[in-house]
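>
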Amino acid sequence: MNQQQNNIPDTTEVAAAGSSSIGGSRIRAGMIGGAGYTGGELIRLLIHHPNVDVSFIHSRSNAGNTIASVHQDLLGDTDLQFTGDLSNDIDILFLCVGHGEAKKFLEANTIDEKIKIIDLSQDFRLTPNSKLQTRNFTYGLPELNKQQIKSASNIANPGCFATAIQLGLLPLAKAGLLNEVHTTGITGSTGAGQSLSSTSHFSWRANNIQAYKTLTHQHLKEINQSLQQLGTSGPEINFIPWRGDFARGIFISSILNCDLQLKEANELYKEFYSDAPFTIVSEQEIFLKQAINTNKCVIHLEKTGKKLVVHSTIDNLLKGASGQAIQNMNIMCGYDECAGLQLKPTAF
1 MNQQQNNIPD TTEVAAAGSS SIGGSRIRAG MIGGAGYTGG ELIRLLIHHP
51 NVDVSFIHSR SNAGNTIASV HQDLLGDTDL QFTGDLSNDI DILFLCVGHG
101 EAKKFLEANT IDEKIKIIDL SQDFRLTPNS KLQTRNFTYG LPELNKQQIK
151 SASNIANPGC FATAIQLGLL PLAKAGLLNE VHTTGITGST GAGQSLSSTS
201 HFSWRANNIQ AYKTLTHQHL KEINQSLQQL GTSGPEINFI PWRGDFARGI
251 FISSILNCDL QLKEANELYK EFYSDAPFTI VSEQEIFLKQ AINTNKCVIH
301 LEKTGKKLVV HSTIDNLLKG ASGQAIQNMN IMCGYDECAG LQLKPTAF
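Its first residue numbered 1, the sequence shown is counted upward by one per residue in the working numbering.
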């Protein structure tokens with residue numbers, strides 16, 4: 001970061017004992033934004049990560065407040081406070097701000113090239129993305145781009161719907177078996193963020209569902225980009241998202257024509273994800289709670305006649321956001337991919 005331009009001090013607002021630069025046993029992490037749902041989950045994962053010291057969590061609106069006063073589920077887990085100051089003494093920076101705000105932040109603040117960046121917004125997901133000086137962002141879907149992530153300096157974390165849908169379709173795309181897809185997906189209220197709207201109040205959500213952004217959802221662009229990366233172009237993804245009457249999680253069902261027998265399809269998926277510790281192919285029916293509070297994507301296939309149905313479920317705040325960001329960090333920094341992510345699902 002440019003200290004003179006942005007008045008950034010050399011020392012961290014929150015001291016982190018035992019930290020060292022990337023390549024050592026521990027790294028120092030900073031976060032921009034942290035008051036929202038994904039910010040809270042990212043803080044939870046970072047403070048319990050075996051290789052991370054949190055140097056600062058920046059928030060203009062909450063500067064001086066303790067983390068636990070905003071994220072009350074972290075009461076007793078940390079004494080950290082939000083700060084309005086920034087520091088250059090970090091190894092990795094998480095941008096956990098609203099869409100459009102990450103780009104504005106990077107335009108206003110010159111970031112030292114030695115600092116790796118993981119952006120959880122949609123600002124840099126599409127290629128070619130907007131370059132900022134020498135910065136360029138790698139699309140951070142580990143099941144697709146693990147090798148590129150290993151050597152990346154900057155990661156654009158995928159969207160939640162995009163993650164769940166892509167993981168359900170990538171094996172077919174690689175095999176050249178993808179054709180027109182009809183997809184429905186339902187998401188919990190946390191997917192809309194903390195800011196209240198007419199459709200996020202409990203009185204509206206309870207005992208209610210609604211289709212929205214029919215066939216026009218913004219995540220379609222990054223889904224198509226990934227499919228093209230595997231040499232598949234042309235198949236139309238007809239996606240209808242739904243607002244569900246629950247807090248967190250996404251459940252996707254994608255339908256397409258496929259000549260594979262069910263056994264062959266399961267073998268194809270299991271082979272594709274053989275090196276993907278968080279993507280599990282189940283031959284039993286799956287349900288939302290298998291993924292909630294985990295970094296897993298759980299997949300189940302069904303076959304009726306020529307129709308193949310691919311069900312996939314994730315936690316939108318973890319595999320769809322903060323958990324995947326930690327997974328990307330682990331890969332970038334040479335840690336065990338699963339470090340800090342061995343989480344139990346809230347199945348009951």
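Glycine residues also receive a C-beta, built at the ideal position from the N, C-alpha and C atoms.
Within this structure, are the beta carbons of F124 and L42 separated by less than 8 Å?
Result no, Cβ atoms of F124 and L42 do not sit closer than 8 Å.
> Pull the bridge partners of K116 from the DSSP assignment, please.
Looking at the DSSP assignment, K116 forms a beta bridge with I92.
> Is Q290 buried or exposed, if buried means 16 or more other CB atoms sit within 10 Å of its CB?
Q290 is buried by the Cβ-count criterion.
> Could you check the C-alpha separation between T214 and T78 for me, to the nearest Å?
Answer to the nearest angstrom: the Cα atoms are 42 Å apart.
> To test your reading of the DSSP string, which unbroken alpha helix (DSSP H) runs of 4 or more residues are found completely within the stretch 116–193?
Taking only runs of at least 4 residues, the alpha helix (DSSP H) segments lying wholly in the stretch 116–193 are 142–150 and 160–174.
> Identify every run of the alpha helix (DSSP H) within the stretch 13–88, keeping only runs that are complete inside it and at least 4 residues long; order them along the chain.
The qualifying runs are 37–47 and 67–70.
> One question on the structure: do I57 and L74 come within less than 8 Å of each other, judged by their Cβ atoms?
It is not a contact, given that the beta carbons lie outside the stated cut-off.
> In angstroms, rounded to a whole number, what distance separates the CA positions of L169 and I314?
Roughly 14 Å between the two C-alpha positions.
> Would you say A162 and I223 are within 8 Å of each other, going by their C-beta atoms?
Contact flag set, yes.
> For the putative contact between L349 and L260, defined by C-beta atoms under 8 Å, what is the C-beta separation to the nearest angstrom?
Only positions 1 to 348 of the chain appear in this structure, which leaves residue 349 out of reach.
> Mark T199 as exposed unless 16 or more other C-beta atoms lie within 10 angstroms of its C-beta, in which case mark it buried.
Flag for T199 reads exposed.
> With N330 and A339 assumed to form a contact (beta carbons below 8 Å), what rounded beta-carbon distance in angstroms separates them?
Contact holds; Cβ gap of about 5 Å.
> Just how far apart, CA to CA, sit K303 and V309?
Distance between the alpha carbons of K303 and V309: 6 Å.
> Identify the continuous beta strand (DSSP E) that holds L308 and give its terminal residues.
It spans K307 to I314 - the beta strand (DSSP E) in which L308 sits, taken as one unbroken run.
> What does DSSP give as the partner residue(s) for W242 in the beta ladder?
Partner(s): I186 and A211.
> Could you tell me the boundaries of the alpha helix (DSSP H) in which L262 lies?
First-last of the alpha helix (DSSP H) with L262: L262 to F272.
> Could you please give me the residues that DSSP links to S253 through a beta bridge?
Beta-bridge pairing links S253 to T184 and H311.
> Of the residues T346, A347, F348 and I326, which one's Cα is nearest the Cα of N51?
Among T346, A347, F348 and I326, the Cα nearest to that of N51 belongs to I326.
> Under a three-way DSSP split, which group does E107 fall into?
Helix at E107.
> When the Cα of G159 is compared with those of I250, F246, F105 and F348, which residue comes out closest?
It is I250 whose Cα lies nearest to the Cα of G159.
> Determine the closest residue to P241 out of G40, G305 and S189, with distance taken between C-alpha atoms.
Closest option to P241, Cα to Cα, is S189.
> Might you give, ordered along the chain, the residues of its own chain that have their beta carbon closer than 7 Å to the beta carbon of K344, omitting 5 neighbours on each side?
N293, listed in sequence order.
> Starting from the Cα of S253, find the closest Cα among T184, E267, I299 and A63 and give me that residue.
Answer by Cα proximity: T184.
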